[in-house]
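Notes to accompany the following structure.
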Amino acid sequence: NAGVMQNPRHLVRRRGQEARLRCSPMKGHSHVYWYRQLPEEGLKFMVYLQKENIIDESGMPKERFSAEFPKEGPSILRIQQVVRGDSAAYFCASSPGVAGADYGYTFGSGTRLTVV
Amino acid sequence: GDSVTQMEGPVTLSEEAFLTINCTYTATGYPSLFWYVQYPGEGLQLLLKATKADDKGSNKGFEATYRKETTSFHLEKGSVQVSDSAVYFCALNSGGYQKVTFGTGTKLQVIP
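If you read the sequences in order, they're chains G and Z. Take 1366 as the starting number for the first sequence in this note's numbering and just add one per residue. Take 9 as the starting number for the second sequence in this note's numbering and just add one per residue.
Structural data, given as structure tokens:
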């Protein structure tokens, strides 16, 4: 029973390139959350998606960042024209329902993005 | 809005020492409270949770009690091991589909 799968584990991009981060939720989970962890900081919420729908993107920067969770396939977090400040660990989490009393998140191992 | 405040780290303890990591929160309504643990190079793992006042969550020797009157959820362990060295995050969820709000994390270092 695979957990939340994220790939790649490490990604290096030059300034101005695009970064694509993938997340496959646990089997049976239809809710996906993306968080960003900057060095020496906690996790900051970015976006919450259900299949084919963005439910809450209040934590996403307005420009260059986008996310999707198609009917088939993994959730994708896309960062266009990356800058050094985008260097961080990006974590995906999934849950079978809303992240309320009966659930906690199940996290993936993260993608560590380095912009050079 | 919701917020979680944790004690600053790093916390350095000798093996078998008693651990307390303080956590207080601000939230609307009656949130669920969580502790997550992050080992080096890995994602976060749910350690324990409590869903209502006076509930005690426990796992792997760790425990935390939901204190509504003091809005706290302090993490404790009676005897830490070197393998407990990690970053610990306190978190809350106010219900519904709202996203989970995390504290900034407290790094624990246990030395032999």
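The C-beta atom is built at its ideal place from N, Cα and C for all residues, glycine as well. In this text the structure is predicted, and so the values were computed from the model without any measurement.
Chain-ordered chain G contacts of residue i [CB-CB under 7 Å]
i       : result
PHE42/Z : GLY1469
PHE81/Z : Within 7 Å Cβ-Cβ: nothing; PHE81/Z doesn't reach chain G, min ~14 Å.
Nearest-angstrom Cβ-Cβ length linking residue i and residue j, presumed shorter than 8 Å
i         : j         : result
ILE1419/G : ARG1385/G : Contact doesn't hold; Cβ gap of about 17 Å is too wide.
GLN46/Z   : THR112/Z  : Actually they are not in contact, since the Cβ atoms of GLN46/Z and THR112/Z sit about 12 Å apart, beyond 8 Å.
TYR1398/G : LYS107/Z  : 6 Å
VAL1369/G : GLY1473/G : 4 Å
LEU100/Z  : TYR44/Z   : About 11 Å; that fails the 8 Å criterion.
LEU1408/G : PHE110/Z  : 4 Å
Exposure label - residue i; buried when at least 16 CB within 10 Å
i         : result
LYS76/Z   : exposed
ASP38/Z   : Before going further, note that residue 38/Z is Tyr rather than Asp in the sequence given. That one is exposed.
LEU116/Z  : buried
ARG1379/G : exposed
LYS57/Z   : buried
ARG1401/G : buried
SER40/Z   : buried
ALA35/Z   : buried
GLN89/Z   : exposed
ASP62/Z   : exposed
THR78/Z   : exposed
LYS60/Z   : exposed
GLN1415/G : exposed
THR1471/G : buried
LYS1427/G : exposed
VAL1481/G : exposed
GLY1381/G : exposed
THR20/Z   : exposed
LYS64/Z   : exposed
Coarse secondary structure for residue i, derived from DSSP in three states
i         : result
ASP1421/G : strand
SER91/Z   : helix
ARG1319/G : No answer is possible for residue 1319/G: the residues shown for chain G start at 1366 and end at 1481.
VAL1369/G : coil
PHE26/Z   : coil
LYS64/Z   : strand
LEU1376/G : strand
ARG1430/G : The displayed chain sequence assigns Phe, not Arg, to residue 1430/G. Three-state DSSP puts PHE1430/G in a strand.
TYR33/Z   : strand
TYR1470/G : coil
GLN1382/G : coil
LEU1358/G : Absent from the model: residue 1358/G. The displayed extent of chain G is 1366 to 1481, so no value can be given.
VAL118/Z  : strand
TYR1398/G : strand
MET1411/G : strand
THR73/Z   : strand
THR178/Z  : The structure shown does not extend to residue 178/Z, since chain Z is modelled only from 9 through 120, so no value can be given for it.
Within chain G, partners of residue i - CB distance below 8 Å
i        : result
THR112/Z : GLU1406 and GLY1407
LEU54/Z  : GLY1469, TYR1470 and THR1471
LYS57/Z  : GLY1469
Proximal chain Z residues relative to residue i, where beta-carbon distance stays under 9 Å
i         : result
GLY1473/G : GLY51
PHE1410/G : LYS107, VAL108, THR109 and PHE110
Under 9 Å from the C-beta of residue i: neighbouring residues of chain A
i         : result
PHE1456/G : Of the protein chains in the structure, G and Z, none is chain A.
Contact list for residue i against chain G, beta-carbon separation under 9 Å
i       : result
PHE97/Z : GLY1407 and LEU1408
Spell out a yes or no on whether the stretch 27-39 of chain Z and the stretch 1436-1448 of chain G are touching, meaning 3 or more CB-CB pairs, one atom from each, closer than 8 Å. no
Does the count of Cβ pairs from the stretch 1446-1460 of chain G and the stretch 1386-1403 of chain G closer than 8 Å reach three? yes
Hey, is the stretch 88-105 of chain Z in contact with the stretch 42-61 of chain Z, meaning 3+ C-beta pairs nearer than 8 Å? yes
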